[in-house]
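K.L.:
Take the sequence shown: its letters are residues 23 to 662, numbered as in our numbering. Backbone N, C-alpha and C define an ideal beta-carbon position, used for all residues, glycine too. Values in this document were obtained by computation on a predicted structure and should not be read as measured data. Dropping a structure here in structure tokens format, bear with me for questions.
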Amino acid sequence: MKLFVPGRICLFGEHSDWAGGYRRINADIEKGAALIVGTNQGLYAEVKPHPDKLILHATFEDGTRKGPFELPMEREALLEEAMKGGFMSYAAGVAYQIVTHYRVRGLEIDNYLTDLPVKKGLSSSAAICVLVARAFNRIYDLKMTVRGEMEYAYLGEITTPSRCGRLDQGCAYGNRPVKMVFDGDRLDVEELNVPVTLHYVIVDLKASKDTVEILAKLNQCYPFAENALQQKVQKYLGPINQDINRRAAETIRAGDAEALGRLMNEAQAKFDANLQPACPSQLTSPVLHKLLAYEPIQPFVLGGKGVGSQGDGTAQFLVKDTDAQHRVIEIIERDLKMPCMKLDIESLNPLRKAVIPAAGFGNQLYPATKAIKKEMFPIIDRDGRAKPVIMTIVEQVLDAGIEEVGIIIQEADRHLFEDFFHQRLPVEHANKLSKEDQRYMQHIMDIGNKVTLLVQESQEGFGHAVHCARDWVSHEPFILMLGDHLFASDTDTSCMAQLIDVYERTGRSVVGLQETPEKDVKHFGCATGIWEEGGAMLSITEFSEKPPVEYAREHLATQGVKDDHFLTIFGQYILTPRIFQLLEDNINRNMRENGEFQLTSCLDKLRQEEGFVGCRVKGKRFDIGLPAAYRQTIIEYPNT
């Protein structure tokens, strides 16, 4: 298994993590807040299980290879190595925490490439810790969320002599910017959507700073301020920092790069005014300030500030565009001989396409399905029109802002769908329609222009059907809707719009969830996990396809769900294109479940690789795939 863990850049809020930790002692101290994002550079590794050892092969930024470092997977040996300090201590510290809390065997990690500069405020040590935590999680399927990986990485690092802050392990979230709030021992994390790509230049100042001295001097200002200087430090790391981070998060969500650049300048100026006097030997940082004021780059930059603990280690610039990024790097490296890195915070890929499988036979509805596809069964929609089910589903998708719909069909059924979406009624029938219905006929034709029919040549399961859309979807995220379900929201926001909102906040794959009595879980895919953002979404730790009740009771219970109920899949998904590679791997290896290629096992692999979130949908799902359910849908759906 291959893994990549980036370093991290603190965009705003340096030092506020440990400062917010002092709220354990002094409740009058303001919470800490920081905005961070993963770098484009980091640690690349191949990982595999080992029966009884922790083995690490390391590659440093200059290409130097060291190791293998070997330790027995025994708590005492791991703890002893962790407490020594040094490179291997970080891996040992994390392994010690993992083996203390989980039943695991060993691990072999080959860090075959590192392009992340060390000791430059980019959290290279935290990246090692996250790499080890993630490797154990993926290899042994420990069902940790990204937040869980971050927590074990932090516990592992503070097992060593390092006294890093909580924000360092935020690199676990990758290239998604996150806002972190530090309240004593409590940490809240919120992922931010970026509507436009932001372009940065990260500069190695080729100078030096003493982080230990910086931290020592600033910590003298806590937990109680005894003079004006200490009050200024607490004020900057408290209310001033909270205000800057609040405005920065709003600016990032709005995609206003110019305002974000101005905030960087403001944050640096206020940092200098309030914190520099507390440690002038390190925070006067003449090299940093010379670079920030360097005249030749000013036409290209929107703002700039220090990185990490500040001082003469690393600088960051937000620039206007990719051309400006190139020019700034060229000028700094040519004139000042300082190495530069690019950092692009990518905008979220927009959702444009939806996939609806409709190739199944519908054996539960035989003999009606001998005459007509179940997706063509009639339903009275909530607008009072009699429509085929597929029309209602397509309209729901398009109403959510999707531009194109791919319907997966059998070749033999092509004429049914083409006749409906692309053929007008004969004139003698069309003339008998009311003016309103004639307009609706044109509406069907307009929708037909957004529908593409995708053929599944053989019906080999839900996962196989989804895979048939691979070439049409290409490299985009997409919506997946069941072709034999209707959905009705309990709020003014449609069921699909609720999922889209979560996707736009996190950039991760999303599945709709609903509570289901335990007697019915054997009919559905199930999920469990940990609630985040105050219960607004579920960070999923396991998917299970139609589990027995006994398994659900033991493994799938979720906090906040009613007794004797479990979270089942609602029938709406937003998926990243990685799902197609996972499905293809199953198909190529003929990995069938109950004779078919299923989707749920691949969703679980996607969860392990990228993270997966669930949205408890405020709405109802109507199944038309069974006679009794279809009858109930006809009765209830029009009135929702």
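Using 8 Å as the threshold, is the stretch 249–262 in touch with the stretch 284–304, meaning 3 or more CB pairs across them?
P.N.:
yes
K.L.:
Cα separation between residue 520 and residue 229?
P.N.:
Position 498 of the sequence shown, counted from the first residue, corresponds to residue 520. Position 207 of the sequence shown, counted from the first residue, corresponds to residue 229. One C-alpha to the other measures close to 49 Å.
K.L.:
From residue 457 to residue 377, what does the alpha carbon distance come to, in whole angstroms?
P.N.:
Translated into positions along the sequence shown, residue 457 becomes position 435. Translated into positions along the sequence shown, residue 377 becomes position 355. Taking the straight line joining both Cα atoms gives about 32 Å.
K.L.:
Do you know offhand how far residue 171's Cα is from residue 156's?
P.N.:
For this step, residue 171 is matched to residue 149 along the sequence shown. For this step, residue 156 is matched to residue 134 along the sequence shown. Spanning the two alpha carbons is a distance of roughly 6 Å.
K.L.:
Measuring CA to CA, which of 57, 628, 404 and 538 is closest to residue 216?
P.N.:
Here the question's residue 216 lines up with position 194 in the sequence shown. Of 57, 628, 404 and 538, the residue nearest in Cα terms is 57.
K.L.:
Among the candidates 193, 632 and 137, whose CA atom is the shortest distance from the CA of residue 32?
P.N.:
The residue you call residue 32 lines up with position 10 of the sequence shown. Answer by Cα proximity: 193.
K.L.:
Does the stretch 498–516 touch the stretch 367–381, meaning 3 or more C-beta pairs lie closer than 8 Å?
P.N.:
yes
K.L.:
Look up residue 663 in the DSSP assignment and say whether it is helix, strand or coil.
P.N.:
Outside the displayed range of the chain (23 to 662) lies residue 663, so it cannot be described from this structure.
K.L.:
Figure out for me which residue from 598, 222, 525 and 99 has the closest Cα to the Cα of residue 349.
P.N.:
Along the sequence shown, read from residue 1 onward, the residue named residue 349 stands at position 327. Closest by alpha carbon: 222.
K.L.:
Quickly, what does DSSP pair residue 503 with across the bridge? List them, please.
P.N.:
Within the sequence shown, the letter at position 481 stands for residue 503. Per DSSP, 594.
K.L.:
Would you list the residues sitting across from residue 553 in a DSSP beta bridge?
P.N.:
Translated into positions along the sequence shown, residue 553 becomes position 531. Per DSSP, 560.
K.L.:
For residue 342, which residues from the same chain have a beta carbon less than 7 Å from its beta carbon, with the 5 sequence-adjacent residues on both sides left out?
P.N.:
Position 320 of the sequence shown holds residue 342. Listed in chain order, the non-local C-beta contacts of residue 342 below 7 Å within the same chain comprise 322 and 324, local neighbours out to five positions each way being set aside.
K.L.:
I'd like to check one pair, residue 532 with residue 637: are the Cβ atoms closer than 7 Å?
P.N.:
The residue given as residue 637 occupies position 615 in the sequence shown. The residue given as residue 532 occupies position 510 in the sequence shown. In this structure, residue 532 lies closer than 7 Å to residue 637 by Cβ.
K.L.:
Determine contact between the stretch 467–487 and the stretch 350–362, defined as no fewer than three beta-carbon pairs at a distance below 8 Å.
P.N.:
Between the stretch 467–487 and the stretch 350–362 there are fewer than three inter-stretch CB-CB distances shorter than 8 Å, so the stretches are not counted as touching.
K.L.:
Under 8 Å, with one C-beta from each stretch per pair, do the stretch 38–50 and the stretch 79–86 reach the 3-pair mark?
P.N.:
no
K.L.:
Out of 563, 296, 68 and 398, state which residue places its alpha-carbon closest to the alpha-carbon of residue 627.
P.N.:
For the purposes of this step, residue 627 is taken as residue 605 along the sequence shown, with counting starting at 1. The residue with the shortest Cα to Cα distance from residue 627 is 563.
K.L.:
Could you check the C-alpha separation between residue 78 and residue 41 for me, to the nearest Å?
P.N.:
Sequence index remark: in the sequence shown, residue 78 carries index 56 (1-based). Sequence index remark: in the sequence shown, residue 41 carries index 19 (1-based). Those two C-alpha atoms are separated by around 34 Å.
K.L.:
What residues match up with residue 222 in a beta bridge as DSSP calls it?
P.N.:
As a working note, residue 222 is residue 200 in the sequence shown. Residue 222 is bridged to 340 and 365.
K.L.:
Under the DSSP definition of a beta bridge, which residues are partnered with residue 67?
P.N.:
By one-based count along the sequence shown, residue 67 stands at place 45. Paired residues: 25.
K.L.:
Using a Cβ distance threshold of 8 Å, determine whether the stretch 558–573 contacts the stretch 163–180, with at least three qualifying pairs required.
P.N.:
Three or more Cβ pairs drawn from the stretch 558–573 and the stretch 163–180 lie within less than 8 Å of each other, which places the two stretches in contact.
K.L.:
List in chain order: all unbroken alpha helix (DSSP H) runs of 4+ residues lying wholly within the stretch 362–425.
P.N.:
390–393 and 411–421
K.L.:
Output yes or no for whether 7 Å exceeds the beta carbon distance between residue 513 and residue 642.
P.N.:
Translated into the one-based positions of the sequence shown, residue 513 becomes position 491. Translated into the one-based positions of the sequence shown, residue 642 becomes position 620. No, the pair does not count as a contact, with Cβ atoms beyond the cut-off.
K.L.:
Would you kindly work out how many angstroms separate the C-alpha atoms of residue 107 and residue 599, rounded to a whole number?
P.N.:
Here residue 107 corresponds to residue number 85 of the sequence shown, with the count starting at 1. Here residue 599 corresponds to residue number 577 of the sequence shown, with the count starting at 1. Approximately 41 Å, taken between the alpha carbons.
K.L.:
So, helix, strand or coil for residue 105, using DSSP?
P.N.:
The sequence position of residue 105 within the sequence shown is 83, counting from 1. DSSP places residue 105 in helix when its eight states are reduced to three.
K.L.:
Any idea what DSSP makes of residue 626, helix, strand or coil?
P.N.:
Along the sequence shown, read from residue 1 onward, the residue named residue 626 stands at position 604. Three-state DSSP puts residue 626 in a helix.
K.L.:
For residue 270 and residue 603, what's the separation of their Cα atoms in angstroms?
P.N.:
In the sequence shown, residue 270 corresponds to position 248, counting from 1. In the sequence shown, residue 603 corresponds to position 581, counting from 1. Straight-line Cα distance between these residues: approximately 37 Å.
K.L.:
Going by the DSSP bridge assignment, what does residue 637 pair with across the sheet?
P.N.:
Position 615 of the sequence shown, counted from the first residue, corresponds to residue 637. In the DSSP output, where bridge partners are listed per residue, residue 637 has 534.
K.L.:
Between residue 153 and residue 511, what straight-line distance do the alpha-carbon atoms span, to the nearest angstrom?
P.N.:
Residue 153 sits at position 131 when you count from the first residue of the sequence shown. Residue 511 sits at position 489 when you count from the first residue of the sequence shown. If you take the alpha carbons of residue 153 and residue 511, they lie about 41 Å apart.
K.L.:
Starting from the C-beta of residue 345, find all residues in its chain whose C-beta is less than 7 Å away, skip the five residues before and the five after it, and write them out in chain order.
P.N.:
Residue 345 sits at position 323 when you count from the first residue of the sequence shown. Here the set comprises nothing.
K.L.:
Which same chain residues end up closer than 6 Å to residue 186 when comparing Cβ atoms and leaving out the 5 residues on each side of it in sequence?
P.N.:
Within the sequence shown, residue 186 is the residue found at index 164, counting from 1. Excluding its 5 nearest sequence neighbours in each direction, residue 186 has C-beta neighbours in its own chain below 6 Å: 179, listed in chain order.
K.L.:
Using 8 Å as the threshold, is the stretch 644–654 in touch with the stretch 386–401, meaning 3 or more CB pairs across them?
P.N.:
yes
K.L.:
Express the C-alpha separation of residue 196 and residue 410 in angstroms, rounding to a whole number.
P.N.:
Stepping through the sequence shown from its first residue, residue 410 is reached at position 388. Stepping through the sequence shown from its first residue, residue 196 is reached at position 174. So the alpha carbons of these two residues sit roughly 44 Å apart.
K.L.:
Are the C-beta atoms of residue 636 and some chain B residue less than 7 Å apart?
P.N.:
Absent here is chain B; the protein component of the structure consists of one chain.
K.L.:
How would you write the range of the alpha helix (DSSP H) that residue 489 sits in, first residue to last?
P.N.:
Indexing the sequence shown from 1 puts residue 489 at position 467. Note, residue 489: alpha helix (DSSP H), 484–489.
K.L.:
If you check the beta carbons only, do residue 534 and residue 592 fall under 7 Å apart?
P.N.:
Start at 1 with the first residue of the sequence shown, and residue 534 comes out as number 512. Start at 1 with the first residue of the sequence shown, and residue 592 comes out as number 570. Result yes, Cβ atoms of residue 534 and residue 592 sit closer than 7 Å.
K.L.:
Under 7 Å Cβ to Cβ from residue 517, same chain only, skipping five residues before and after it: list those, please.
P.N.:
For the purposes of this step, residue 517 is taken as residue 495 along the sequence shown, with counting starting at 1. So the list reads 509, 511, 534, 594, 639 and 641, once near-sequence residues are dropped.
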